[in-house]
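Worksheet: one structure, shown below.
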Amino acid sequence: MIALEAVERRFGERVALRDVSVHVEKGQTLVVFGPNGAGKTTLLRVLAGLLRPHSGAATVLNASLPRESWKLRGKVGYVAHEPLLYRDLTPRENLRFHARLHRVAEPRIDAVLHAVGMTDRADDELTELSRGMVQRVAAARAVLHDPALLLLDEPWAGLDPAAIEMLEPVIGSASGKTRVVVTHDVAGGLSEADVTLGLRDGAGVAVGDEVAVRELYG
Amino acid sequence: MIATARAILRKDLTIEVRRRESVPAMVLFTVTVFVLFHFGLDRDTVEGDIATGVIWVTLLLAALLGINRLYVAERDQGGFVGMRLAPIDLTALWLAKAVALFVYLVALEIVALPAFDLLLLGPGLDGALPELLPILLLANLGVAAVGALVAALAIETRARELIVALLLLPLLVPVILAAAQATEPLLTGGQSPDDLAQWLGFLALYDVVFVLVSVAVFDFLLDE
């Protein structure tokens, strides 16, 4: 599903990822830990095919990156720091727009709005919603096209416990999807991880080692 | 690709109708410039080459306002990322933006031409309209095609407005030249230009070339 071997990614002279190797099987959850600037978001963007790895071997969903990154289009659901939603549209209009891009049928929009508990506010403009509500719509957008892989950058940030519980079957481990989750919550992250990766200054320093993750980031 | 472009265009026009950020700014700018020319030239009316220069340069500078905003929502609100994750031909994005800009220019001209007629133009536009319309439409098409391409090139740069102006204005010199040559006799007492067909052909050729260039390169532009 995901196989990274000695992946490196640079921004000019700065190395954002170096020598990162990790393997994730179908249905597993990889949880990525690390301080700010460690390269977590860069890793997600490489996995999404949005950034090219500069060296190493990266295979995601049978697509060899960067050569076959186009094969990932439509197969990845991405919850980023930003909601990737248009502020001047309503949740329903945003989802309808993405549904057209992904050729998803209209009834699916109502289904995902219901799943994230946003049916009642689906026709309010995004600017009228709280941060937690916007995050729920972002989760709905990410799963609208039923992606094979979910890339989640601190997906629970800004959500209250009830919303987290509501989103668990949508983007949580109960979704059954292969997931890569970036989080600062060590205890919460370890509880849902099948595979762990700790990053520091772009380097994978604690691959699959929960004890090391707890020592480094706990 | 057409269905995707239609979806992006519908989204853009919905946001423009709701927020009114581009077209009103373009219209306000244009009318203000006409008023400034009215007083700056210290004459009640203009015609011929001066009228042609005033109208085309003003429309071009007004177009820059819309061009600079074309991709702002895509950059600031994650539209680029969302589209690069979707199974679409990204050329649809250029097509949608070019059509949106074309619509903005037509909306601008619906207000700007009567305002120009009222504030500055000596001979009047009524007799010239049938011949002016194809000139405007072909010039709009060229500005829209090149504008949507250049705006995408510049959107991730810090000096976006400057880059757009520096790249776009030289590229649009042939459009302005042809449009002005075709328009000038029309604004000189309603004379019909002898070589109108030649200039319209030039504008059409320019449009075809830049539509083809945009279709060929746009997907690569949005690649990292």
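Read top to bottom, the protein sequences are chains A and B.
For the record, in the first sequence the residue sitting at position 189 is 1027 according to the numbering used here, with numbers rising by one throughout.
For the record, in the second sequence the residue sitting at position 109 is 110 according to the numbering used here, with numbers rising by one throughout.
All residues carry an ideal CB built from backbone N, CA and C; glycine is no exception.
Per DSSP, the unbroken alpha helix (DSSP H) holding residue 75(B) starts and ends at 73 to 77.
For residue 153(B), not one C-beta of chain A is nearer than 8 Å to its own C-beta. In this model, residue 999(A) and residue 892(A) are separated by some 40 Å (Cα to Cα). Classified as exposed, residue 874(A) has fewer than 16 neighbouring CB atoms from the shown chains inside 10 Å of its CB. If you look at residue 51(B), you'll find it isn't in any beta strand (DSSP E); it sits in the alpha helix (DSSP H) that goes 49 to 70. Close partners of residue 92(B) in chain A (Cβ separation under 7 Å) are lacking, with about 13 Å as the shortest Cβ gap.
Per DSSP, the continuous alpha helix (DSSP H) segment holding residue 170(B) begins and ends at 161 to 184.
For residue 70(B), the number of other beta carbons within 10 angstroms of its own is at least 16, and it is reported as buried. If only uninterrupted alpha helix (DSSP H) runs of at least 4 residues are considered, those enclosed by the region 920 to 985 of chain A are 929 to 939, 944 to 953 and 969 to 981. Close to chain B, meaning a Cβ-Cβ distance shorter than 7 Å, are the following residues of the region 872 to 904 of chain A: 886, 888, 889 and 890. Taking 8 Å as the cut-off, the Cβ atoms of residue 884(A) and residue 848(A) do not count as close. With a threshold of 8 Å between beta carbons, residue 936(A) makes contact with chain B. For residue 158(B), no CB of chain A lies under 8 Å from its own CB, so it is not counted at the interface with that chain. Annotation for residue 214(B): the continuous alpha helix (DSSP H) segment containing it runs 197 to 223. Three or more Cβ pairs closer than 8 Å define a contact, and the region 856 to 876 of chain A meets that threshold against the region 1025 to 1035 of chain A. In this chain, the beta strand (DSSP E) harbouring residue 840(A) covers 840 to 849.
Between the region 971 to 982 of chain A and the region 1005 to 1012 of chain A, the count of C-beta pairs closer than 8 Å reaches three or more; the two stretches touch. At a cut-off of 8 Å between C-beta atoms, residue 83(B) counts as an interface residue with respect to chain A.
Per DSSP, reduced to three states, the secondary structure at residue 39(B) is helical. Under the DSSP assignment, residue 13(B) falls outside any beta strand (DSSP E), being part of the alpha helix (DSSP H) whose first and last residues are 3 to 20.
Excluding the 5 residues flanking it on each side, residue 223(B) has same chain C-beta neighbours closer than 6 Å at 91, in chain order.
Across the structure, residue 75(B) and residue 20(B) are spaced so that their CA atoms are roughly 15 Å apart. Of all residues in the region 85 to 116 of chain B, the ones placed with a Cβ closer than 7 Å to any Cβ belonging to chain A are 85, 86, 87, 88 and 89, in chain order. Interface residue (Cβ-Cβ distance to chain A less than 8 Å): residue 199(B) is not classified as such. The C-alpha of residue 1017(A) lies about 29 Å from the C-alpha of residue 94(B). Sorting 102(B), 208(B), 84(B) and 29(B) by C-alpha distance to the C-alpha of residue 59(B) places 29(B) at the top. Here residue 960(A) is not near residue 985(A), since their CB atoms are 8 Å or more apart. When the beta-carbon positions are compared, residue 145(B) and residue 106(B) come within less than 8 Å of each other. Under the three-state reduction of DSSP output, residue 883(A) falls in the helix class. Three or more Cβ pairs closer than 8 Å define a contact, and the region 175 to 188 of chain B meets that threshold against the region 46 to 60 of chain B. Across the structure, residue 914(A) and residue 888(A) are spaced so that their CA atoms are roughly 11 Å apart. For residue 1029(A), the enclosing alpha helix (DSSP H) starts and ends at 1024 to 1030. Legend: CB atoms of the region 848 to 869 of chain A lying less than 9 Å from CB atoms of chain B are not found in any residue. For residue 116(B), the uninterrupted alpha helix (DSSP H) segment begins and ends at 92 to 120. Taken through DSSP and simplified to helix, strand or coil, residue 870(A) comes out as strand. In the pairwise beta carbon analysis, the region 43 to 50 of chain B is classified as not touching the region 137 to 144 of chain B: fewer than three pairs are separated by under 8 Å.
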